[in-house]
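In what follows, a single structure is set out as structure tokens and then discussed.
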Amino acid sequence: MSEIVDARVRNSFAAVYGGTPSLVARAPGRVNLIGEHTDYNDGFVLPCAIGFETRVAARAREDGIYRIVASDFGDALDIFDSANEIKPLAERPWANYIRGVIAEMRLAGFATPGADLAIAGDVPQGAGLSSSAALEVATALAIAALAGREAADRTSLAQICQRAENDFVGCKCGIMDQLVSACGVEGAALLIDCRSLAFRPVLVPEDLAIMIVHSGVIHGHVEGEYNERRRQCEEAASALGVAKLREADEAILARGERRLDPTAFRRARHVITENRRTFEAAEALAKNSLRRLGRLMRESHQSMRDDFEITTPDIDRLAALMNAVLGENGGARMTGGGFGGAVVAIAPRPTVANLAREVSAGYRRPDGKPTEVIIQRPAAGGSCV
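Position one of the sequence shown corresponds to residue 161 (this note's numbering), numbered consecutively onward.
Structure (structure tokens):
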């Protein structure tokens, strides 16, 4: 797949600008195994990078002009002068991720003398697999390399990309997506502390498969419900007397229940119990304790459905079908910010074919497209190629 994306981005560059790029940067999407909506609460997450990626072909200019062509959006073109204030565009929302990264990199002290950029990728959009983070990180790696700073700290670049999405695009996401896209480890998930940004690899045993199934429900959490959940979590933390919900446990929540309205209580309960589940899941994965891991994934989905209220009826049906087929031989849960997207499952490799058949036969996507089961292994983080 990466070879196809690489050919597309190089062909797009040549067609629009002529010649060849001086470099191509790549960054993967991600799937979160467990730990949903915990990152912006300074909590813990367990994602891994995946084999789908975005590539940015780049060549420096000296006049401050940025030209950006996006092959995934019908070769749409965006042009701006970095000498002027870089502003979001309502009519080209895809370009705001790139504009935001360039604006934030300039603020962080990177040279931004202009460039010709071409973009192509195969991360499914609206599937909860972080196509936006892949675009941001690939852009940041390309701009850093053009500035002669290819060895720039990956965690710092991830923070730049997060600020771009928070402040320029308007989605108040946490750091998880950008950090795992930048720092992913082949063959491993990352247990990330979203306060300190420390992380450690947790190897995914070779005999386990990560399975991703798109529900056919496209999500969009730039505004509205996603940001509302963050606000509710901040208000719950304040009512419980902590800076972030990471600092609360189930005992603190029980003592403070009377200070929370029922909705805030449920939101806090999800985050607090999800942090615990994430630690336990990392331990279960490391020990290849599939029964325990599956139970934790099912509990996570129930919490997202009942307490955080970010699933949809189609997502719930898909997760229930996958869990019924798996039994105690693994587990499935919605992955990503919610309100659509994909379900992730972890299962023994010998069971993959049967699960794929059962899901393809038993789930009908609302968009009418065939139900596809994608098999993944954890991939490496972003780089220049």
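Think of the CB as a built atom: it goes at the ideal place given N, C-alpha and C, for glycine as much as any other residue.
Note that this is a predicted model, so its numbers are computed, not measured.
- Note that the C-beta distance between residue 500 and residue 379 is below 7 Å.
- According to DSSP, residue pairing for residue 374 in a beta bridge involves 502.
- With a cutoff of 7 Å on beta-carbon distance, residue 185 and residue 294 are scored as not near each other.
- Separation of the CB atoms of residue 450 and residue 349 is rounded to 14 Å, and the pair is thereby denied contact status at 8 Å.
- Going by beta carbons, residue 471 and residue 465 fall inside the 7 Å limit.
- Close CB contacts of residue 316 within its chain, under the 8 Å cut and outside five residues either way in sequence, are with 268 (chain order).
- With contacts defined by Cβ atoms closer than 7 Å, residue 537 and residue 367 do not form a contacting pair.
- For residue 265, the enclosing alpha helix (DSSP H) starts and ends at 253-267.
- Here the alpha carbons of residue 223 and residue 374 stand approximately 43 Å from one another.
- Secondary structure of residue 354 (DSSP, three-state): coil.
- Comparing C-alpha distances from residue 376 to each of 529, 545, 215 and 165 shows the shortest one belongs to 529.
- By the C-beta density criterion, residue 341 is buried, having at least 16 other C-beta atoms within 10 angstroms.
- In the DSSP assignment, residue 454 falls within the alpha helix (DSSP H) that extends over 450-463.
- Here residue 291 is not near residue 337, since their CB atoms are 7 Å or more apart.
- Distances from the alpha-carbon of residue 422 to those of 395, 169 and 335 put 395 closest.
- Runs of the alpha helix (DSSP H) lying entirely within the region 382-448 and spanning at least 4 residues, in chain order: 385-400, 410-416 and 422-446.
- Assignment of beta strand (DSSP E) within the region 209-246, counting only whole runs of 3 or more residues, yields 225-230 and 236-241 in chain order.
- Minimum Cα-Cα distance from residue 355 among the listed residues 407, 287 and 413 corresponds to 407.
- Listed in chain order, the alpha helix (DSSP H) runs fully inside the region 464-539 are 473-486 and 512-522, counting runs of at least 4 residues.
- When the beta-carbon positions are compared, residue 181 and residue 219 come within less than 7 Å of each other.
- For residue 291, DSSP records no beta bridge to any residue.
- Distances from the CA of residue 282 to each of 213, 226, 217 and 429 were compared; the closest alpha carbon is that of 213.
- Residue 505 is positioned such that its CB atom lies no closer than 7 Å to that of residue 495.
- Bridge partners of residue 279 according to DSSP: 216 and 230.
- Exclusion of the five residues before and after residue 417 leaves 425 as the residues of its chain whose Cβ lies within less than 8 Å of its Cβ.
- CA-CA distance, residue 246 to residue 359, rounds to 33 Å.
- For a cut-off of 8 Å, the C-beta gap from residue 491 to residue 457 is around 3 Å, short enough to register as a contact.
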